[in-house]
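S.K.:
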Amino acid sequence: AGQRKFFVGGNFKMNGSVKMIKSIVDELNKGAFDGSNADIVVAPPAIYLLGVKDSLKQPVEVAAQNCFTESSGAFTGEISPNQLKDADIHWVILGHSERRSLFGDTDKLVADKTKAAIAAGLSVIACIGESLEEREKGVTNQVVERQLEAIAAAIQPDDWKKIVIAYEPVWAIGTGKVATVQQAQDTHADIRKWLAKRISPEAADSIRIIYGGSVNGKNSSELAQAADIDGFLVGGASLKPEFIDICKVKK
Ligand code: PEP
2 AGQRKFFVGG NFKMNGSVKM IKSIVDELNK GAFDGSNADI VVAPPAIYLL
52 GVKDSLKQPV EVAAQNCFTE SSGAFTGEIS PNQLKDADIH WVILGHSERR
102 SLFGDTDKLV ADKTKAAIAA GLSVIACIGE SLEEREKGVT NQVVERQLEA
152 IAAAIQPDDW KKIVIAYEPV WAIGTGKVAT VQQAQDTHAD IRKWLAKRIS
202 PEAADSIRII YGGSVNGKNS SELAQAADID GFLVGGASLK PEFIDICKVK
252 K
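Spelled out as structure tokens, the structure:
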């Protein structure tokens, strides 16, 4: 991962309860992270965001799982990036494959949300990744580049400093089917090449590209060795004690 600081995100998705999330926070607080090895950010469902933020010990931070493009107004059910910022929440996950496939988040909408989030002062975990059909057709690079190009067209080159790219092959999310180290490394390296060409060599060097898709306490150490894997976005395992091990995988 070069000079880039390791990054581990935990995406709780629509899971948990007041009681369960309190116990996860208690475990994280016992994790005794000193913040030197990795940035750690957890994303509980929106209703629990403020409670988790207030009870989590530093250096662990919180992220929203989504936000809208507008700062306020008649958008029932949505949360604005400005409201997240106002609530002292610094991160938002955008473009998760579940948002893309179930809730109509197109490349353009994800790009517009990314632009709005950065304008509000947030940092973004921008998720991209191909479906199984796309991988089998051999168009993985075209798909992730199309998703990234939509974002690049909406933001300024300097805004990439506020982005962590999460490469999450859809076929590996929640399936127990983790990408091989080679598959993940190859795509991460291609993304980095694209960044060098489309944004700048400096951006390519400094942007963290994290892997997501059935990461767990067992497979994380091998994946973490790869040159272009700068961390993880963890779904299922972020609800379990092994999440602490994943956060500590980079010594
Ligand atoms: C995710 O939701 O971003 C994810 C990678 O899920 P899982 O780890 O459960 O595959």
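Residue numbering for the sequence shown follows the UniProt record's numbering, starting at 2 and increasing by one per position.
Ideal placement from N, C-alpha and C gives every residue a C-beta, glycine not left out.
Owing to the predicted nature of the structure, the values given are computational and were not obtained by experimental measurement.
Name the two residues that bound the continuous alpha helix (DSSP H) containing D40.
M.R.: Counted from its first residue, the sequence shown places residue 40 at position 39. Where D40 is concerned, there is no enclosing alpha helix (DSSP H), although the beta strand (DSSP E) it sits in stretches over 39 to 44.
S.K.: Ligand 1 heavy atoms versus the CB of N16: any closer than 6 Å?
M.R.: Within the sequence shown, residue 16 is the residue found at index 15, counting from 1. N16: no, Cβ never under 6 Å from ligand 1.
S.K.: Nearest to P170 by CA position, among A185, R199, M15, is which residue?
M.R.: The count along the sequence shown starts at 1 and reaches residue 170 at position 169. Of A185, R199, M15, the residue nearest in Cα terms is A185.
S.K.: Please name the residue in E71, V42, T141, E150 whose C-alpha comes closest to that of I65.
M.R.: Along the sequence shown, one-based indexing puts residue 65 at 64. According to the sequence provided, residue 65 is Ala. The question's Ile does not apply to it. With distances taken between Cα atoms, A65 lies closest to V42.
S.K.: Measure the CB-CB distance between E131 and V144 and report whether it falls below 7 Å.
M.R.: Counted from its first residue, the sequence shown places residue 131 at position 130. Counted from its first residue, the sequence shown places residue 144 at position 143. It is a contact, given that the beta carbons lie within the stated cut-off.
S.K.: Which residue comes first and which comes last in the alpha helix (DSSP H) that contains A155?
M.R.: Numbered from 1 along the sequence shown, position 154 holds the residue referred to as residue 155. Counting along the chain, the alpha helix (DSSP H) containing A155 begins and ends at 141 to 155.
S.K.: Check whether the Cβ atoms of I152 and T115 sit closer than 7 Å, and answer yes or no.
M.R.: Within the sequence shown, the letter at position 151 stands for residue 152. Within the sequence shown, the letter at position 114 stands for residue 115. Result yes, Cβ atoms of I152 and T115 sit closer than 7 Å.
S.K.: Sorted by chain position, which residues of the same chain lie with C-beta nearer than 6 Å to V61's C-beta, five sequence neighbours on each side aside?
M.R.: Against the sequence shown, residue 61 aligns to sequence position 60. Same-chain partners within the cutoff: L29, I41.
S.K.: In the DSSP assignment, find the alpha helix (DSSP H) that holds S215 and state where it starts and stops.
M.R.: Taking the sequence shown and counting its residues from 1, one reaches residue 215 at position 214. Run containing S215: none; DSSP gives neither H nor E here.
S.K.: Using three-state DSSP, classify A227 as helix, strand or coil.
M.R.: Here residue 227 is taken as the residue at index 226 of the sequence shown, counted from 1. In the structure shown, A227 sits in coil (DSSP, three-state: anything other than H, G, I, E or B).
S.K.: From what residue to what residue does the beta strand (DSSP E) around I174 run?
M.R.: Within the sequence shown, the letter at position 173 stands for residue 174. Note, I174: premise wrong, no beta strand (DSSP E); not H, not E.
S.K.: Check whether the stretch 233 to 242 and the stretch 198 to 210 touch, using three or more Cβ-Cβ pairs below 8 Å as the test.
M.R.: Judged by Cβ distances under 8 Å, the stretch 233 to 242 makes no contact with the stretch 198 to 210, as fewer than three pairs qualify.
S.K.: Among V9, D246, K86, F104, which residue has its Cα nearest to the Cα of I126?
M.R.: On the sequence shown, residue 126 is found 125 positions in, with the first residue counted as 1. It is V9 whose Cα lies nearest to the Cα of I126.
S.K.: Going by Cα to Cα distance, which pick from Q226, K252, N220 is closest to E243?
M.R.: Residue 243 sits at position 242 when you count from the first residue of the sequence shown. Nearest C-alpha to E243: N220.
S.K.: Let's see if you can read the secondary structure: which residues bound the beta strand (DSSP E) around W92?
M.R.: Here residue 92 corresponds to residue number 91 of the sequence shown, with the count starting at 1. That run of the beta strand (DSSP E) goes 92 to 95.
S.K.: Can you round the beta-carbon distance between D229 and I210 to whole angstroms, since I take them to be within the 8 Å contact cut?
M.R.: If you number the sequence shown from 1, residue 229 lands on position 228. If you number the sequence shown from 1, residue 210 lands on position 209. Contact holds; Cβ gap of about 6 Å.
S.K.: Just how far apart, CA to CA, sit K6 and D206?
M.R.: Counting from 1 along the sequence shown, the entry for residue 6 is found at position 5. Counting from 1 along the sequence shown, the entry for residue 206 is found at position 205. K6 and D206: Cα-Cα distance of roughly 12 Å.
S.K.: How big is the Cα-Cα spacing for E203 and S18?
M.R.: Walking along the sequence shown from the start, residue 203 turns up at place 202. Walking along the sequence shown from the start, residue 18 turns up at place 17. Roughly 42 Å separates the two Cα atoms.
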